[in-house]
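Participant: Before I ask anything, let me first share the structure, which is written out below as structure tokens.
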Amino acid sequence: MLNGSLSILIIIAAGLCGAIFGYVLKQIFTTKKVKASESLAARIVEESKKEAETIKKEAILQAKENLLKMKADLDRETKEVKASLESLERRVRSKEENLEKRVDTLAQKEAAIEGREKTVNQKEQSVEEKHKKLDALVEAQKEQLERIAGITPEEAKNILISSMESDAKRDAAVLVRKIEEEAKLTADRKSREIIAYAIQRYAGDYVAENTVSVVPLPSEEMKGRIIGREGRNIRAIEAATGIDLIVDDTPEAVVLSSFDPVRREVARISLERLIQDGRIHPGRIEDIVKKVEKEVDQIIRETGEKASFDCGVHDIHPEIITMLGSLKYRTSYSQNVLQHSIDVAYLTGLMAAELKMNIKEAKRAGLLHDIGKAVDHKIEGTHAAIGADFAKRFGENPRIVQAIATHHDDGRNNTLLGVLVQAADTLSAARPGARREMLSTYVQRLEELEKIAHSFNGVDKCFAIQAGREIRIMVENEKISDNDAVMLCNDIIKKIENELTYPGQIKVTVIRETRVSNFAK
């Protein structure tokens, strides 16, 4: 029992000793940490003071430098402003001197103007007095003339105007006849060529004949297949060929419309093959059109080569051969242009042979004279100028180029070869049957010609002859004089040109005759 109590006391004593020892150690460590912290804080404060001192010194130095710099800038700006002010002061002083001089000058001018005004006023008064005297003299002379003539001023004016009008008409008619006689050999031919060419390209009566092709269909059901679902087939055909496909009420037929004859031919052949094949859809349409384009290009090249071979014209550039072959699909007043070019080549060669000229060169010029018509619907300008430009571009002889360019010009600026080509071109176009017209258009032109002639006063009878290429007009002898007949002919020509559309030219002949008859008894 005693031992147990002793053990407990020993344990308690040992615990107390340990607690005291731990407390002492803690106090020692705490004291050390406090001293170390105080030392560190003192050192940090010292360093901060030093750093602050350094920053303060640097800031003072920087402020001094900025102050010096600002002072230098201020001095410089002050000098510049001072110099500017001095310059401005000099300019103001100079302007003041100029203004003083101008004021002096203006004062002098004002004095001079006042003197002139006085002089002008005096002259105006003198002129007014003279006008009054002149008016009085004129009135006196008018009264004297009225007493002598016995007519009023209005009557005299009417007589004078009537006399002058009659003289002017007579002089105008004489002048017109003189001008016509002088210009007939030069201006008439050129004007007819220009008018005929303009009508050929733009006449509405021939657009349908030259710009459409009709494709027959086996049945009316084929129109629906050509159009396709929601119009996709017809859109594919138009997009692939570049033409307009017209599906209307025409029984068992569709119409292809385009100004490009080659595209129209490609579309026609392609559509015929699609109809024969029966498989009409966008993919098939594109394939057929591509194949036909290649075939038509081949046909064009072969046609051009054949035409040049038949005419004996060789060494032609391939591009010109292609243009020549494409004329197979071009017509002019229903005359095939390629066949027309071949005819002109032969005619030019024959005339050259008679004149001992170069036959091959003449045939070459004749064959190529209308190549511009292959592309004149795509390029601005006359077919003669376009053809000459292409011939020059592809290395043709300058004489050939000149003949192509001038085959519609007058003879003044033309060469002998060009004149031959021009003559052969006229012969080929004027051949009976070479150029056809629709019957309705022909009859309508004859009626309109006679109607225009009858619309003028003094016309007794008129007759359209020579298939509408000439109209002869009989006038009343009492109403129309010789000079009036000249004016009437010109007026009828102008009205025909303005109101009618026709190929070539129309000759207008006005006939005025005097008949005297009596009986022998």
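Heads up: the sequence shown runs through residues 20 to 540, numbered per this note's numbering.
Glycine is no exception: its CB is placed at the ideal position from the N, C-alpha and C atoms.
Computed from a prediction, not measured in an experiment: that's the story for all the values here.
1. If we ignore side chains and look at the alpha-carbon of each, how far apart do leucine 346 and glutamine 354 end up?
2. In chain order, what residues of the same chain lie with their CB nearer than 7 Å to the CB of alanine 539, ignoring the 5 residues before and after it?
3. Using alpha carbons as the reference points, say which of Ile511, Leu293, Asn496 and His388 lies closest to leucine 468.
4. Suppose only complete runs of 4+ residues qualify. What are the alpha helix (DSSP H) ranges in the stretch 457 to 491, listed by chain order?
5. Counting only the same chain and skipping the five closest in sequence on each side, list residues whose C-beta sits under 7 Å from that of arginine 287.
6. From the DSSP output, in three-state form, read off glycine 223 for me.
7. Please check the pair threonine 533 and asparagine 509, which I expect to be a contact at CB under 8 Å, by giving their CB distance rounded to whole angstroms.
8. Strictly by DSSP, which residues pair up with proline 235?
9. Please classify threonine 50: is it buried, with 16 or more other beta-carbons within 10 angstroms of its beta-carbon, or exposed?
10. To the nearest angstrom, how far is it from the Cα of glutamine 127 to the Cα of asparagine 177?
11. Using CA coordinates, which residue listed in Ala443, Thr341 and Thr425 is at the minimum distance from tyrosine 365?
12. Exposed or buried, what is proline 337 when buried is set at 16 or more other beta-carbons lying within 10 Å of its beta-carbon?
13. Our contact map puts isoleucine 471 next to lysine 498 with C-beta atoms below 8 Å; I'd like the distance itself, whole angstroms only.
14. Using the three-state DSSP reduction, which class does leucine 118 fall into: helix, strand or coil?
15. Use the C-beta contact count for tyrosine 348: other C-beta atoms within 10 angstroms, 16 or more gives buried, fewer gives exposed.
16. Could you check the C-alpha separation between glutamate 257 and leucine 369 for me, to the nearest Å?
17. Going by alpha carbons, who is nearest to glycine 477 out of Asp503, Ile490, Leu93 and Ser351?
18. What are the boundary residues of the alpha helix (DSSP H) that includes valine 266?
19. Look at the alpha carbon of isoleucine 265 and the alpha carbon of glycine 391, and state the distance between them as a whole number of angstroms.
20. Drop a sphere of 10 angstroms on the beta-carbon of cysteine 481, count the other beta-carbons inside from all chains shown, and report buried for 16 or more, exposed for fewer.
21. Along the alpha helix (DSSP H) that carries lysine 325, what are the first and last residues, could you check?
22. Does the distance from the CB of phenylalanine 342 to the CB of phenylalanine 409 come in under 8 Å?
23. Quick check: glutamate 388 and valine 363, are their CB atoms within less than 8 Å of each other?
24. So, with DSSP's three-state summary, where would you put methionine 89?
25. Go through its chain and collect everything with a Cβ distance to threonine 367's Cβ below 7 Å, but skip five positions before and after it.
26. Between the C-alpha atoms of tyrosine 221 and arginine 251, what's the straight-line distance to the nearest angstrom?
27. From Ile47, Val122, Arg303 and Ile63, pick the residue whose C-alpha is nearest to that of isoleucine 253; which is it?
28. Using a Cβ-Cβ cut-off of 6 Å (strictly less than) and excluding sequence neighbours within five positions of glutamate 415, which residues of its own chain qualify?
29. Would the beta-carbon of glycine 247 fall within 8 Å of that of isoleucine 299?
30. Quick check on this structure: which residue in Asn117, Ile492 and Arg412 has the alpha carbon closest to the alpha carbon of lysine 526?
31. Compute the distance between the beta-carbons of valine 308 and serine 327, then report whether it is under 8 Å.
32. Hey, quick one: how far does the beta strand (DSSP E) through valine 281 stretch, first residue to last?
33. State buried or exposed for proline 237, treating a residue as buried only when at least 16 other CB atoms are found within 10 Å of its CB.
34. Give the straight-line distance between the Cα atoms of leucine 507 and glutamate 516, rounded to the nearest whole angstrom.
35. Please give the ranges of any alpha helix (DSSP H) in the stretch 346 to 375, keeping only runs that are unbroken, at least 4 residues long and fully inside the region.
36. Below 8 Å on the Cβ atoms is my guess for serine 500 versus histidine 359; work out the distance and round it to an integer in Å.
Facilitator: Considering the structure as presented:
1. Going by C-alpha positions, leucine 346 is about 11 Å away from glutamine 354.
2. Excluding its 5 nearest sequence neighbours in each direction, alanine 539 has no C-beta neighbour in its own chain below 7 Å.
3. The alpha carbon of leucine 468 has as its nearest neighbour, out of Ile511, Leu293, Asn496 and His388, the alpha carbon of Ile511.
4. If we require 4 residues or more, the alpha helix (DSSP H) runs fully inside the stretch 457 to 491 come out as 458 to 473.
5. Within the same chain, Cβ atoms closer than 7 Å to the Cβ of arginine 287 are found at Ser232, Val234 and Leu275, the five residues on either side in sequence being excluded.
6. Residue confidence is low: glycine 223 scores 40 on pLDDT, short of 50, so the model does not pin down where it sits. Its coordinate-derived value is still stated next. Here glycine 223 carries a helix assignment [DSSP, helix/strand/coil].
7. Going by Cβ atoms, the distance from threonine 533 to asparagine 509 rounds to 22 Å, so no, they are not a contact pair.
8. In DSSP, proline 235 forms a bridge with Ala272.
9. In this structure threonine 50 is exposed. Its beta-carbon is surrounded by fewer than 16 other beta-carbon atoms within 10 angstroms.
10. Rounded to the nearest angstrom, the gap between the Cα atoms of glutamine 127 and asparagine 177 is 58 Å.
11. Of the candidates Ala443, Thr341 and Thr425, the one whose C-alpha sits nearest the C-alpha of tyrosine 365 is Ala443.
12. Looking at its Cβ environment, which holds fewer than 16 other Cβ atoms inside 10 Å, proline 337 is exposed.
13. Incorrect: roughly 18 Å between the Cβ atoms, too far for contact.
14. In this structure, leucine 118 counts as helix in the three-state DSSP scheme.
15. With a 10 Å radius around the Cβ and a threshold of 16 neighbouring Cβ atoms, tyrosine 348 comes out buried.
16. So the two alpha carbons sit approximately 46 Å from each other.
17. With distances taken between CA atoms, glycine 477 lies nearest to Asp503 out of Asp503, Ile490, Leu93 and Ser351.
18. Careful: valine 266 lies outside any alpha helix (DSSP H) and carries neither H nor E.
19. In this structure, the alpha-carbon of isoleucine 265 lies about 29 Å from that of glycine 391.
20. Label assigned to cysteine 481: buried.
21. In the DSSP assignment, lysine 325 falls within the alpha helix (DSSP H) that extends over 301 to 330.
22. The question names phenylalanine, but residue 342 in the sequence shown is methionine. A contact, by the Cβ cut-off of 8 Å.
23. Before going further, note that residue 388 is histidine rather than glutamate in the sequence given. Going by C-beta atoms, histidine 388 is nearer than 8 Å to valine 363.
24. In the displayed model, methionine 89 falls within a helix according to three-state DSSP.
25. Only Ala381, Lys382, Ala384, Gly385, Leu439, Val440 and Ala443 meet the Cβ criterion.
26. No answer about tyrosine 221 holds up, because its pLDDT of 41 lies below 50 and its placement is not dependable.
27. Taking only the C-alpha atoms, the option nearest isoleucine 253 is Arg303.
28. Spatial neighbours of glutamate 415 in its own chain (CB-CB distance under 6 Å, excluding positions within 5 residues in sequence) are not present.
29. Yes. Within cutoff.
30. Residue nearest to lysine 526 within the set Asn117, Ile492 and Arg412 is Ile492 (criterion: CA-CA distance).
31. Judged by beta-carbon spacing, serine 327 lies beyond the 8 Å limit of valine 308, meaning their Cβ atoms are not closer than that value.
32. Counting along the chain, valine 281 falls outside any beta strand (DSSP E), though it belongs to the alpha helix (DSSP H) covering 280 to 296.
33. Exposed.
34. Answer to the nearest angstrom: the Cα atoms are 14 Å apart.
35. Segments of the alpha helix (DSSP H) lying fully in the stretch 346 to 375: 356 to 373.
36. Rounded to the nearest angstrom, the Cβ distance from serine 500 to histidine 359 is 45 Å, too far for a contact under 8 Å.
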